[in-house]
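In this note's numbering, the protein residues as written are 8 to 139. Virtual Cβ for every residue (Gly too), placed ideally from N, Cα, C. In what follows, a single structure is set out as structure tokens and then discussed.
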Ligand SMILES: [Zn+2]
């Protein structure tokens, strides 16, 4: 099954994904640099020694949550780039149907068509299915 994308469209989406990857990598690197901040390290060491888990620890955890969200998006972008170089880009990973070009422009790392994405998000909100 071939993706219904022209070469020009694929090139455009590849460029968008590469730019996004660059931005995400820079953001993650910048946030990791904050994590290496000596003051923060000292604070963390103190918390480990004294069991004094204060608000600062929560803030560190929030930073980490942000990094892991960025890392998750970076993984999606990398996966989309891998699909672009091979086959299957622009096809829904759930139902195999084509993902509209407009959706790909808005979100080049989209792996699902809108219907499947909405179903996946609804399932995520509900939590894992009780029976499967
Ligand atoms: Zn689908």
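What did DSSP end up calling residue 98 once you bin it into helix, strand or coil?
Mapped onto the chain shown, residue 98 falls at position 91. The answer is strand: DSSP assigns residue 98 an E or B state.
Ends of the alpha helix (DSSP H) at residue 123?
Counting from one through the chain shown, the residue named residue 123 turns up at place 116. From DSSP, the alpha helix (DSSP H) with residue 123 extends over 121-133.
Closer than 7 Å: is that where the CB of residue 119 sits relative to any heavy atom of ligand 1?
Taking the chain shown and counting its residues from 1, the one referred to as residue 119 is at position 112. Within the cutoff, so yes.
Would you list the one or two residues that DSSP bridges to residue 105?
For the purposes of this step, residue 105 is identified with residue 98 of the chain shown, where counting begins at 1. Residue 105 pairs with 98.
Contact between the stretch 73-92 and the stretch 31-41: three or more CB pairs below 8 Å?
As far as the Cβ criterion goes, the stretch 73-92 touches the stretch 31-41, which means the pair count is three or higher.
State the Cα-Cα distance for the pair residue 117 and residue 56, rounded to the nearest angstrom.
Within the chain shown, numbered from 1, the residue matching residue 117 stands at position 110. Within the chain shown, numbered from 1, the residue matching residue 56 stands at position 49. Approximately 44 Å, taken between the alpha carbons.
Find the nearest neighbour of residue 81 within the set 115, 121, 122 and 134, judged by alpha-carbon distance.
Here the question's residue 81 lines up with position 74 in the chain shown. If we check each option's Cα against that of residue 81, 115 comes out closest.
Is any non-hydrogen atom of ligand 1 found closer than 7 Å to the C-beta of residue 16, if you look at the structure I gave you?
Position 9 of the chain shown, counting from 1, holds the residue named residue 16. No, the Cβ of residue 16 stays beyond 7 Å of every heavy atom of ligand 1.
How many Å lie between residue 16 and residue 109 at the Cα?
Translated into positions along the chain shown, residue 16 becomes position 9. Translated into positions along the chain shown, residue 109 becomes position 102. Each residue's Cα considered, the two are about 11 Å apart.
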